[in-house]
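Protein chains in written order, with this note's numbering: chain C, 1 to 115; chain L, 116 to 230.
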């Protein structure tokens with residue numbers, strides 16, 4: 001199974017809402033990533049978890065809160081978002097903590113719209 | 116600073132023809148990895164090909180091959196016998212120095228394949 005799944009596929013939320021994005025992989029990968037991708041732009045790294053610990057936070061605003069409950073699951077909690085946060089949120093995983101060497105496996109993304 | 120540049124925002128090719136996508140990068144490292152990722156419309160991003168900088172031989176994966184010129188810091192992707200399914204955004208990517216746990220992506224090249 002070389003699949004990374006993400007739920008939901010689409011999410012519309014108001015600026016006062018709290019919602020969560022979920023990502024799951026069952027490949028035994030030990031690194032997981034959250035990216036934000038605007039239309040016609042490359043993915044921008046947000047967070048990296050390595051062995052279930054946060055190893056990189058790319059100065060992401062605190063309204064985005066990541067969580068890694070176990071080695072297979074990655075969540076992104078959203079609160080008080082702004083319209084400019086509307087984007088495709090991609091999750092990825094890699095076998096080890098070297099995502100700059102190992103292949104990264106991407107999920108299909110959650111398309112988020114903030115109204 | 117690490118940079119990666121894709122100077123062709125859009126390219127097009129006829130089915131069965133060959134197309135080359137360009138990527139240049141800047142690094143002070145002597146050993147690193149380079150990647151091409153493909154993101155089809157509304158589908159998951161996948162790894163196309165990976166090149167290790169210390170290897171002289173250009174990487175190939177079926178119809179995909181690279182022209183890696185280390186001295187020129189150039190890493191182009193050649194797609195032979197183009198197929199309709201090759202239509203996608205193609206991103207060149209590589210890790211920052213000693214930052215083997217993440218990737219820097221280029222701006223991307225949108226490839227259209229015409230029947």
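All C-beta atoms in this analysis are idealised placements derived from N, C-alpha and C, irrespective of residue type, glycine included.
Can you tell me whether residue i is buried or exposed, with buried defined as 16 or more other CB within 10 angstroms of its CB?
i, result
"residue 87 of chain C", "buried"
"residue 249 of chain L", "In the structure as shown, chain L starts at 116 and stops at 230, and residue 249 of chain L therefore has no counterpart that could be examined."
"residue 199 of chain L", "exposed"
"residue 140 of chain L", "buried"
"residue 70 of chain C", "exposed"
"residue 54 of chain C", "exposed"
"residue 228 of chain L", "buried"
"residue 177 of chain L", "exposed"
"residue 208 of chain L", "buried"
What's the gap between the Cα of residue i and the Cα of residue j?
i, j, result
"residue 67 of chain C", "residue 18 of chain C", "15 angstroms"
"residue 119 of chain L", "residue 173 of chain L", "19 angstroms"
"residue 154 of chain L", "residue 16 of chain C", "32 angstroms"
"residue 59 of chain C", "residue 164 of chain L", "30 angstroms"
"residue 147 of chain L", "residue 221 of chain L", "16 angstroms"
"residue 170 of chain L", "residue 10 of chain C", "42 angstroms"
"residue 197 of chain L", "residue 26 of chain C", "33 angstroms"
"residue 175 of chain L", "residue 102 of chain C", "17 angstroms"
"residue 52 of chain C", "residue 31 of chain C", "8 angstroms"
"residue 136 of chain L", "residue 142 of chain L", "20 angstroms"
"residue 126 of chain L", "residue 230 of chain L", "15 angstroms"
"residue 82 of chain C", "residue 145 of chain L", "41 angstroms"
"residue 202 of chain L", "residue 225 of chain L", "8 angstroms"
"residue 168 of chain L", "residue 97 of chain C", "20 angstroms"
"residue 20 of chain C", "residue 33 of chain C", "15 angstroms"
With a threshold of 8 angstroms between beta-carbons, can residue i be considered close to chain B, or not?
i, result
"residue 14 of chain C", "Considering every chain present, this structure includes no chain B. Its protein chains are C and L."
Sort out for me which residues DSSP pairs residue i with in a bridge.
i, result
"residue 225 of chain L", "L/125, L/204"
"residue 13 of chain C", "C/114"
"residue 94 of chain C", "C/31"
"residue 180 of chain L", "L/175, L/193"
"residue 141 of chain L", "L/118"
"residue 23 of chain C", "C/6, C/74"
"residue 169 of chain L", "None, per the DSSP bridge assignment."
"residue 219 of chain L", "L/209"
"residue 44 of chain C", "C/36"
"residue 54 of chain C", "C/49"
"residue 135 of chain L", "L/193"
"residue 187 of chain L", "Partner(s): none; residue 187 of chain L has no beta bridge."
Relative to the C-alpha of residue i, which residue among the options is closest?
i, options, result
"residue 151 of chain L", "L/200, L/177, L/141, L/181", "L/181"
"residue 62 of chain C", "C/54, C/80, C/73", "C/80"
"residue 65 of chain C", "C/111, C/22, C/11, C/26", "C/22"
"residue 72 of chain C", "C/13, C/56, C/50", "C/50"
"residue 42 of chain C", "L/211, L/124, L/195", "L/124"
"residue 91 of chain C", "C/40, C/39, C/47", "C/47"
If the criterion is Cβ atoms closer than 8 angstroms, does the pair residue i and residue j meet it?
i, j, result
"residue 44 of chain C", "residue 35 of chain C", "yes"
"residue 206 of chain L", "residue 192 of chain L", "no"
"residue 183 of chain L", "residue 162 of chain L", "no"
"residue 100 of chain C", "residue 216 of chain L", "yes"
"residue 37 of chain C", "residue 107 of chain C", "no"
"residue 89 of chain C", "residue 113 of chain C", "no"
"residue 78 of chain C", "residue 13 of chain C", "yes"
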